[in-house]
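Presented below is the structure to which this report refers.
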Amino acid sequence: MISEFLNNKQGKLQKILIILIITFLILLISFGINTAQEEDTSESNEDPLIEEEVEDPPVEEEIEDQPTEEEIIIEPIKEISTEPEEIIEEENVTAPVEEILEELNETIVEELPLDEILNETSETSNETTNDTQPLPKPEELPEEEIISDSPSSGEAPGIIPEPELSIQISNLTEVTRGEVIEISATIINSGAKAKNVLAIWVLPEDFEIISGNEIENCGDLGKEESCISTINVQTSILSSLGKNQIKIRVGYGK
């Protein structure tokens, strides 16, 4: 009886042990399968990082079309020429005054009768000053004034002294086209008395007197007496270098 009981117990224990071993193996197998699936899933979800090296383009290619420092040439500033040359159409080009005032220093003092001067002025000038008054003709002058022009003592009889008029022009060094310039002329008499002295400014086309008298009436100038005429002139932007001249003409009555 006891041996049978022990045999039954051993048989049951063996069965239980076998069942436990089988269960353990099943668990191991299922665990292994789950682990493998998880690894496959994690590997499939991970995106591999692909590193690419971005090569910078060579510096020489970037500046292929640009000049190097040695190729950049800085031209020196051109000096203003004092010789006549063609004017470019620019507003701030500076012209030497020697050409504009060329004839001011070589002004011809004309001893023209007053009537002829006034006639010539009316043809070349569009405007005259209001204070210019017609002067009497020589034959209308009082006798005592005519006698005053007779030769003084010490002079040869029969020789009537003549007025000697000279002109000094204000010195201008540089004139810019389009600006307003001031010009002064001093008329000096170093000879006999000159009656009814007139100074007439002659301007180029497109030049305009904005102040001063185009015709300056100096009246009578005795020996060593002088008269000053000053004008402000608006120069022309379209002027051509060396082709525009400002003139002054001086005359007196006989």
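FYI, in my numbering the residues of the sequence shown are 9 to 262. Even glycine gets a Cβ: it sits at the ideal position worked out from N, Cα and C.
To the nearest angstrom, report how far apart Ser192 and Pro169 are at their CA atoms. 28 Å
May I ask you to report which of helix, strand or coil DSSP gives Ile168? coil
Alpha-carbon to alpha-carbon, Ile195 and Ile175: 5 Å
Closest residue to Lys203 among Glu172, Ile177, Leu211 (Cα-Cα distance): Glu172
Residue of Leu246, Glu213, Ser237, Leu21 minimising C-alpha distance to Asn224: It is worth fixing the name first, because residue 224 is Glu in this sequence and not Asn. Glu224 has its Cα closest to that of Ser237, out of Leu246, Glu213, Ser237, Leu21.
Look up Ile217 in the DSSP assignment and give the residues it is bridged to. Val241
So what's Ile254 in DSSP terms, helix, strand or just coil? coil
Verify whether the separation of the beta carbon atoms of Val241 and Cys226 is less than 7 Å. no
Can you give the Cα-Cα distance for Leu246 and Asp214, rounded to whole angstroms? 8 Å
Just to confirm, is the Cβ distance from Gly220 to Ile239 under 7 Å? yes
Is the beta carbon of Lys255 closer than 7 Å to that of Val210? yes
Quick check: the Cα distance between Ala44 and Ile37, rounded to an integer number of angstroms? 11 Å
Look at the alpha carbon of Glu232 and the alpha carbon of Ala200, and state the distance between them as a whole number of angstroms. 9 Å
Would you give the residue range spanned by the beta strand (DSSP E) that Ala193 belongs to? 188-197
Bridge partners for Asn7 per DSSP, in chain order? Outside the shown range of the chain (9 to 262) lies residue 7, about which nothing can therefore be said.
Quick one: what's Gln176 bridged to in DSSP? Thr194
Rounded C-alpha distance that separates Gly40 from Leu33: 10 Å
So, at 8 Å on beta carbons, what are the nonlocal neighbours of Glu216 in its own chain, with the 5 sequence-adjacent residues on each side left out? Val241, Gln242
In the structure shown, what three-state DSSP assignment does Gly261 receive? strand
Do you know how far the Cα of Glu46 is from the Cα of Ile10? 53 Å
From Ala207, Ser198, Ile208, Ile218, residue whose alpha carbon lies closest to that of Glu187: Ile218
What are the partner residues of Ser11, as DSSP defines its beta bridges? Ser11 is not bridged to any residue.
DSSP puts Ser234 in a beta bridge; with which residues? Ile196
Distance between Asn42 and Glu18 (C-alpha atoms, nearest Å): According to the sequence shown, residue 18 is Gln rather than Glu. Whole-angstrom Cα-Cα distance: 36 Å.
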